[in-house]
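Structure record follows, encoded as structure tokens.
There are 2 protein chains.
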Amino acid sequence: MSKSQEEKQSRDRKVVVKRGAQENRAELTEAEWEIMKVVWEKQPCAAGTVQEALVKSKNWAYSTIKTTMDRMVEKGFLEIERIRNLQLFHSSISEVDARRGEFRKMLKRAFNGALTPMMQFLIEHEGISKREAAQLREFVSRAGKKSEGKK
Amino acid sequence: MSKSQEEKQSRDRKVVVKRGAQENRAELTEAEWEIMKVVWEKQPCAAGTVQEALVKSKNWAYSTIKTTMDRMVEKGFLEIERIRNLQLFHSSISEVDARRGEFRKMLKRAFNGALTPMMQFLIEHEGISKREAAQLREFVSRAGKKSEGKK
DNA sequence: GAATATATACGACAATTGTAGAACACGTCA
DNA sequence: TGACGTGTTCTACAATTGTCGTATATATTC
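Protein sequence lines correspond, in order, to chains G and X. Following the working numbering, the numbering of the first sequence begins with -12 at its first residue and continues without gaps. Following the working numbering, the numbering of the second sequence begins with -12 at its first residue and continues without gaps.
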């Protein structure tokens, strides 16, 4: 496997574009996640806005965030709308697609890509709060109807 | 945040040791996952065994795998049992802990650490089969009881 | 126009992760 | 003992990601 092939695969794995019925998904790094969460909420917004939003939880230098965001533009995760000297960023990937990417990556690594072993894992090894359980019950009752519809 | 602090936090995040009732979990890279899956299945085993097992899916050079495994020893994920000149590796982390680490990382990044939005996401965006929905229901029905026990 | 504030561009370094070949060491066999 | 096979050690490079200060550019105000 040559470097360029691997590079191409690596890219495809990060952002899998729509091919027929296949869905969009993206894989973000830790820092990218933090930044995208702010962008999804405040877009279009400047890098400075993102920095201000993250100053408490992360305390990153402005240039740290700007660099990361510029790289995300190169990767196709963000786009720049220019107004005079100001760059406003907006997302090119949806939160749903990013979530899907992260979820699928986890599923593939830890559960060979299958939901059933993950569910078993949750059942046997993960507990949840009462509140979460109540909310889940509500969603599950809807799930019955939705899944019938889907399949 | 100084470099050494960040380094310490980074380590703690990768392997969170047992503190009281808190659980074990680990975070593995892509290559580490591939290797651990083989080790869990064949341990104790030599690096060459791992390389042979992965030759079809990955075609990594022996030294690629050996290097990764040596680094994993340094990280505490693997341990070496020496028999003459031969090193047999066995895992220091369980598959459950690794799964938990990967799952929790995903949950934190994509769903702010909460199960409920993840389940909602699955139901609304991922499409689940009847069987999976049934497992979800089982999880929810057990959730009430288990969480009492765990918490 | 100068001073100031804001924002971008530039450049660089460190750590981690992935990748792997070459050199060296050990064990076995003829 | 030398040859050969197996396994470890050593070394190194590349890419990515994280991190950030400095230089430069732009816009505004006095």
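Glycine residues also receive a C-beta, built at the ideal position from the N, C-alpha and C atoms.
In the DSSP assignment, what residue or residues form a beta bridge with residue i?
i: E66/X; result: H77/X
Quick one: what does DSSP say residue i is sitting in, helix, strand or coil?
i: K71/G; result: Before going on, a small fix: residue 71/G reads as Arg here, not Lys. Residue state, collapsed to three classes: coil.
i: W47/G; result: coil
i: R87/G; result: helix
Using only alpha-carbon positions, find the residue among the options that is nearest to residue i.
i: R69/G; options: A40/G, R58/G, S78/G, A33/G; result: A33/G
i: E14/X; options: L73/X, P31/X, S79/X, T36/X; result: S79/X
i: R87/G; options: T36/X, E82/X, F98/X, S81/X; result: F98/X
i: I22/X; options: Q38/X, Q74/X, E113/X, A101/X; result: Q38/X
i: T36/X; options: E61/X, L75/X, W20/X, T16/X; result: L75/X
i: E113/G; options: V26/X, V25/X, P31/X, G100/X; result: G100/X
i: R118/G; options: V26/X, V25/X, V127/X; result: V127/X
i: W27/G; options: D84/G, I110/G, R96/G; result: D84/G
i: S116/G; options: E111/X, S116/X, R129/X; result: R129/X
i: E61/G; options: L109/G, E19/G, I110/G, R12/G; result: E19/G
i: V25/G; options: L41/X, L109/X, T55/X, R96/X; result: R96/X
i: T55/G; options: E17/G, E111/G, R12/G; result: E17/G
i: M59/X; options: N72/X, L73/X, H77/X; result: H77/X
i: N11/X; options: P31/X, Q30/X, E82/X; result: E82/X
Closer than 8 Å to a non-hydrogen atom of the ligand ADP - does that hold for the CB of residue i?
i: A97/G; result: Ligands are entirely absent from the displayed structure, and the ligand ADP is therefore not among its contents.
Output, in chain order, the set of chain G residues within a Cβ distance shorter than 9 Å of residue i.
i: I52/X; result: The premise fails here: I52/X is roughly 15 Å from chain G at the closest Cβ pair, so nothing lies under 9 Å.
For a contact meaning CB atoms closer than 8 Å, what does residue i contact in chain X?
i: E89/G; result: M93, R96, A97
i: E17/G; result: R96
i: R12/G; result: Within 8 Å Cβ-Cβ: nothing; R12/G doesn't reach chain X, min ~10 Å.
Run down chain G in chain order and give the residues with a C-beta less than 7 Å from the C-beta of residue i.
i: T103/X; result: E119, Q122, L123
i: R58/X; result: The contacting residues do not exist; R58/X stays about 18 Å from chain G at best.
Can you pull the chain X neighbours of residue i, defined as C-beta to C-beta under 7 Å?
i: W20/G; result: R96
Taking residue i as the query, report the chain X residues whose CB atoms sit under 9 Å from its CB, ordered along the chain.
i: V83/G; result: F108, E111, H112
message: Check whether the region 105 to 123 of chain X and the region 48 to 67 of chain X touch, using three or more Cβ-Cβ pairs below 8 Å as the test.
response: Contact check between the region 105 to 123 of chain X and the region 48 to 67 of chain X: fewer than three CB pairs, one atom from each, fall below 8 Å, which does not count as touching.
- prompt: Is the region 90 to 97 of chain G touching the region 48 to 64 of chain G in the sense that three or more CB pairs, one from each, lie closer than 8 Å?
  reply: Contact between the region 48 to 64 of chain G and the region 90 to 97 of chain G is absent, because fewer than three Cβ pairs lie under 8 Å.
message: Taking contact to mean 3 or more Cβ pairs, one atom from each stretch, closer than 8 Å, check whether the region 40 to 48 of chain X and the region 118 to 126 of chain G are in contact.
response: The way I'd put it, the region 40 to 48 of chain X doesn't touch the region 118 to 126 of chain G; fewer than three beta-carbon pairs between them come closer than 8 Å.
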